[in-house]
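The letter at position 555 of the sequence shown is residue 555 when you use this note's numbering, and the numbering goes up by one with no holes. Cβ coordinates follow ideal geometry from the N, Cα and C atoms, glycine included. See structure below.
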Amino acid sequence: MIRVSNQWMVNSFLRVLNRNNEELNKTQIQISSGKQIQKPSENPVNNALAMQHKTDIFESGQFTKNIARTTEWLDNTDSALTDTESTLQRVRELAVQGANDTLVQIDRDAIAKEIDQLMQHMVDIANTDIGGEFLFAGDDVKSKPFKIMTGQNPDSMTNIVTYSFGETRKDLNLPNITDIVYNGDGKKMATEIEKGVLLDKNISGSELFFRSQPITPQPTFRNEVSPLNGSLPVQMLNGGRGMQPGIIIVTDSNGIDRKIDLKTARRLDDVIWDINATGSFQAGIEEVPSNTAVNLGIYKNAGSTNELVGLSDPAMDSVNTPLSSLNSGQGVDLGFLSINTRDGLNHRVDLTSATTVQDVIGLINGIDGGAAVEAKYDMVHRRLEITDKTGGRGDFSIESKKNQFFVKDLPAHVAADLGIQTDVGAANTIVSTFDSAIQSVATPFSFFNGGKGVEPGFINITRHDGVSAQIDLQAAGSMQGAIDAINSHPNFADAQLVASFDTVTNRLVINDSSVGASNFAIQEVNGINPIKIREVTTIAKNLGLLQSSQGGTIVGDSIQPPGLTAASLLSTIVPAPEMGFMNIRGPDGQPVKIDLSAATTIQDVLDRINETQKFTANWDTVNNRFVVTDPADVTDSHGLRIEEFSNTARDLGLIEGTSNYTSDTITGAPIFVKPLPTLIGSLDLNPAVEGDTELRTLNANRTFNTGVNLGFIRITDKAGNFKAIDLRGSNTIKDVLDRINDPANGLYIEAKINSSKDGLEIIDKNNGATGRLEVIDVDSSAAADLGILGSTVDLRLVGKDVDPAVSDTTRISALRSGEGGVPMGKIYIQSGEFSGEIDLTGVKTVGELIDKLSGTDERFNIAAWVSEDGKRLNLSNTKDQPYIKVRDLEAGEPASASALGLGGSRSIFETLADLRDNLFRNDGTAISEQSIKLVQEDIERTLKLHAEVGVRTNRTTAAKEKQDNLTLNLNKMLDVVENVDMTEAIIRMTQLQTAFQAALQTGAKILQISLMDFLR
1 MIRVSNQWMV
11 NSFLRVLNRN
21 NEELNKTQIQ
31 ISSGKQIQKP
41 SENPVNNALA
51 MQHKTDIFES
61 GQFTKNIART
71 TEWLDNTDSA
81 LTDTESTLQR
91 VRELAVQGAN
101 DTLVQIDRDA
111 IAKEIDQLMQ
121 HMVDIANTDI
131 GGEFLFAGDD
141 VKSKPFKIMT
151 GQNPDSMTNI
161 VTYSFGETRK
171 DLNLPNITDI
181 VYNGDGKKMA
191 TEIEKGVLLD
201 KNISGSELFF
211 RSQPITPQPT
221 FRNEVSPLNG
231 SLPVQMLNGG
241 RGMQPGIIIV
251 TDSNGIDRKI
261 DLKTARRLDD
271 VIWDINATGS
281 FQAGIEEVPS
291 NTAVNLGIYK
301 NAGSTNELVG
311 LSDPAMDSVN
321 TPLSSLNSGQ
331 GVDLGFLSIN
341 TRDGLNHRVD
351 LTSATTVQDV
361 IGLINGIDGG
371 AAVEAKYDMV
381 HRRLEITDKT
391 GGRGDFSIES
401 KKNQFFVKDL
411 PAHVAADLGI
421 QTDVGAANTI
431 VSTFDSAIQS
441 VATPFSFFNG
451 GKGVEPGFIN
461 ITRHDGVSAQ
471 IDLQAAGSMQ
481 GAIDAINSHP
491 NFADAQLVAS
501 FDTVTNRLVI
511 NDSSVGASNF
521 AIQEVNGINP
531 IKIREVTTIA
541 KNLGLLQSSQ
551 GGTIVGDSIQ
561 PPGLTAASLL
571 STIVPAPEMG
581 FMNIRGPDGQ
591 PVKIDLSAAT
601 TIQDVLDRIN
611 ETQKFTANWD
621 TVNNRFVVTD
631 PADVTDSHGL
641 RIEEFSNTAR
651 DLGLIEGTSN
661 YTSDTITGAP
671 IFVKPLPTLI
681 GSLDLNPAVE
691 GDTELRTLNA
701 NRTFNTGVNL
711 GFIRITDKAG
721 NFKAIDLRGS
731 NTIKDVLDRI
741 NDPANGLYIE
751 AKINSSKDGL
761 EIIDKNNGAT
771 GRLEVIDVDS
781 SAAADLGILG
791 STVDLRLVGK
801 DVDPAVSDTT
811 RISALRSGEG
821 GVPMGKIYIQ
831 SGEFSGEIDL
841 TGVKTVGELI
851 DKLSGTDERF
861 NIAAWVSEDG
871 KRLNLSNTKD
881 QPYIKVRDLE
891 AGEPASASAL
901 GLGGSRSIFE
911 TLADLRDNLF
921 RNDGTAISEQ
931 SIKLVQEDIE
941 RTLKLHAEVG
951 VRTNRTTAAK
961 EKQDNLTLNL
971 NKMLDVVENV
981 DMTEAIIRMT
991 QLQTAFQAAL
1001 QTGAKILQIS
1011 LMDFLR
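Here it is in structure tokens:
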């Protein structure tokens, strides 16, 4: 029998009691905390599940917050889009109303003013913010995205020119919005609305208000002097005085006069074509340096400073100093200044109208309304000082140029035109070449050579016996005339040289029956006289009166011979004047015609002038000259001019101030162009370097020394082989590459255009060679100018950007290299009083583009030209009407106008501004054909974006419901693994309490024992 000790019973009881107590305590804690476990070790599995559920619930809560913020953003965007749609619908209603043909200007002005207010409201919508965050700014929500530009900003187009009527409404848009600048971006702000799911909450300003990114800036507008080119209308020459239509006479080296009719010439191209059409002369335009800046002491490069300090001139004692007093009395060679400001722009300042230092200062300060540069007079040092105000970082410099017309006498081609220019040696017969136009001996010369005719002039015939003769064919007119001229020449009276016409072959046949050792030949005759140009009449010039005066009196030149009196015959004057008409212009500038066609004496000339009762004329017997006075000009300050009745050659600069630097070419006096209202392209067209890129166009970023100074360069390859390569005579990049890559150089290298197409690179193909690849200049700066000057241990020497300028030969496909190029399509141009379309499809070169823009329709009065720095394309209104707009008609962005920088990116703001201006222009056609269509497109695009916002809002609503359900389920799952069932826990605690109390009672009974029980 086993003995159960008292201690064992006690211990056993206490164990049971403690266990019950622990269970009771645990249950009590669970009830008080509501949690199943108090520490992870109690239930690791449930604890892990609880932690995961809590994480999921937290994420779901964050997603819910994201959704709420996104919903708020989308709701505000929705409101802004609703406002935008309402505004555009109102704009469309006004546009339809404005297109009504029954409206007059005052009606359209009222509509335009409301459109301008709606435009202001549209800007307010565009700058909508929520708590300081802008809805349409892109990702930089703290910065205001849209900035208003008004007509008060520099280089804004503030004037309106009415459609068809051409009335200029000056500064009508000065207080109005002319442009909106977008400072935001097109980036999206994506918000995570559930795990791994992103939703774009914003519509960027470029999406809604513009049509794409990147956004092309709007071009600027100001008066500019364009380089003289063929597309320029002749009425813009000579500071706006134009060219008087008429006839000029060009005399070639043989003394033969050719009358050239320029009465219908409208552009310089017409003048050039009419002269070149003679086949005897070549005309053109050239731009050459002038001494204008030098004479003013400001021909300088100030480098990276803002101050250009001129040279002192002792004669410059005040701003009123006449320019004629400067340079020791030699005056100023007036041309135009070419001012390169530090912001990279070039400004041409025409000084042809300047007479004083103050005039020069005023014209310079007129650039960009005074925003670009400031000229002032330094009284202490007697000099000019020019300040660059642009804030740019480039070089500041001033140079000057002048444009001049030239006419070149081409080599004679009379014999060639007749098909008889040949040397048959010992043969006896010369037969003209076949010309299908010759049907008989009487066929006019004008039919020959495909209608080009036969140049009037001389031919030289040499017989076998050495007898030769110059045959005058000026009046021949036909083969019969040529035959008669040859056969009747005294040198051929012996009939040993006979010309005849072969009626079978319709050819001229010339037979030489003389005997001798000389070759039988027919040659051209080129004279030795210099080319000359004159007007049809020379009466004013030969009377010594072809002059102008700042005052009211013209003192003529002394004429020959000496001793003439009022009774002297005009025929005795040397050279004798060709009688006809001349003009006298007084202060009003209107010509007064003086009819001298019947004048025979000097007194007749005086009488005809005095009969005008506007001018008086006297004969100065002492100095042998005429004196003409305007009696009404009592102050002697308004000016007087006497000119030929026809002054076409003078206006082309081909009468006064001409030069014959070679006898066959006459170079005219400088021609000055009036500053014209000009649309300045906003983009650097940045052409790619190609094989046919002309070297003269390189380094356009320089203010001086553009192009390439050709000479020898030395290239050393990595194997140590070297060669001096002569680049002289190269004209294009391909020429340079061919010379460098010539195998005869003995260099194992390859020169080519680099992958970025902005320069050259040289690759060394000597595998394993350890030397240096090096290019240096020997006697010029060719390597530096080509961007390949340098040395490297690598196999590739990468050249610098050579920045080619745009030229007429630049291909359109090369423009804006690496920036998307320039597509060619239809554009809409409003220029002055005219509006219309131009189709640029198929244009291949910049020259073709310029011709297309300038010559498609004369009603545009457009002259397209490349800026002085070769970077931008500009458009000038040649009728001096200050309004030009260019818009794209093709879908897609960028299209032609925006890619060329002639029009900004299409936008709601542009649509509204154009509609407003079309109303101000009274251009109902543009409103109906363009504005209404564009407004509708903007409405449709806005509706599409609005629908997209609606879809996103629906997604956020669905996402919120999903997160709410997910959170509910997660909380339920968390409740299962983390929280206690209170009913069950309370029942359990009650049971444990009962058990605990019972245990205590039982224990009390068991433990109530006596000493006798213990002893037992």
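One or two residues paired with residue i in a DSSP bridge
i, result
"D726", "F712"
"S928", "DSSP, once it has assigned bridges, lists no residue as partnering S928."
"W619", "F626"
"A863", "S876"
"G790", "V775"
"E1019", "Residue numbering for the chain in the displayed model covers 1 to 1016; residue 1019 lies beyond these limits and cannot be assessed."
"G303", "F396"
"N754", "N754 is not bridged to any residue."
"Q470", "N460"
"D261", "I247"
"D764", "I749"
Simplified DSSP state of residue i, which is helix, strand or coil
i, result
"Q560", "strand"
"L326", "coil"
"K1082", "Residue coverage of the chain in this structure runs from 1 to 1016, which leaves residue 1082 outside it and unanswerable."
"L795", "coil"
"F134", "strand"
"F1060", "Absent from the structure is residue 1060, since the part of the chain shown begins at 1 and ends at 1016."
"Q282", "strand"
"E194", "strand"
"P490", "helix"
"H381", "coil"
"V515", "coil"
"R19", "helix"
"V319", "coil"
"K452", "coil"
"D388", "strand"
"G821", "coil"
"L1020", "As shown, the chain starts at 1 and ends at 1016. That puts residue 1020 outside it, with no answer to give."
"P289", "strand"
"S637", "Any reading at S637 must be qualified, since the residue scores a pLDDT of 48, below 50, and its modelled position is unreliable; no value is offered."
"T662", "strand"
"E611", "coil"
Presumed contact (8 Å Cβ cut-off) between residue i and residue j, rounded CB distance
i, j, result
"D684", "R625", "Contact flag wrong, Cβ pair sits at about 58 Å."
"L934", "T911", "5 Å"
"F448", "V454", "5 Å"
"D261", "I247", "5 Å"
"D395", "S304", "6 Å"
"A913", "M157", "That pair is no contact at about 10 Å."
"D717", "L747", "5 Å"
Q | Given 8 Å, three or more beta-carbon pairs between the stretch 846-858 and the stretch 792-805 | A | no
Q.
With three or more C-beta pairs closer than 8 Å as the rule, is the stretch 945-955 touching the stretch 75-82?
A. yes
Q. Does the stretch 912-920 touch the stretch 930-949, meaning 3 or more C-beta pairs lie closer than 8 Å?
A. The stretch 930-949, when compared against the stretch 912-920, does touch it at the 8 Å Cβ threshold.
Q. Do the stretch 691-711 and the stretch 732-743 touch if we need at least three Cβ pairs shorter than 8 Å?
A. yes
Q) Would the stretch 222-229 and the stretch 282-289 be scored as touching if the rule is three or more Cβ pairs under 8 Å? A) yes
Q. Between the stretch 667-681 and the stretch 415-431, do at least 3 Cβ pairs fall closer than 8 Å?
A. no
(Q) Report the start-end ranges of each beta strand (DSSP E) in the stretch 547-604 that is 3 residues or longer and not cut off at the edges. (A) If one requires a minimum length of 3 residues, the beta strand (DSSP E) runs lying completely within the stretch 547-604 are 553-555, 581-585, 591-595, in chain order.
Q. Three or more C-beta pairs closer than 8 Å, one from the stretch 538-555 and one from the stretch 563-581: is that the case here?
A. yes
**Q.** Whole runs of the beta strand (DSSP E) within the stretch 77-165, excluding any shorter than 3 residues
**A.** 146-150
**Q.** At least three beta-carbon pairs within less than 8 Å, the stretch 150-169 to the stretch 831-838
**A.** yes
Q. Does the stretch 381-392 come close enough to the stretch 363-373 to have 3 or more Cβ pairs within less than 8 Å?
A. yes
Q | Inside the stretch 525-549 only - beta strand (DSSP E) runs reaching at least 3 residues | A | 532-535
Q.
If contact is defined by three or more beta carbon pairs under 8 Å, each pair taking one atom from either stretch, is the stretch 863-873 in contact with the stretch 684-699?
A. yes
Q: Count the C-beta pairs between the stretch 511-527 and the stretch 454-467 that are closer than 8 Å, then say yes if the count reaches three, no if not.
A: yes
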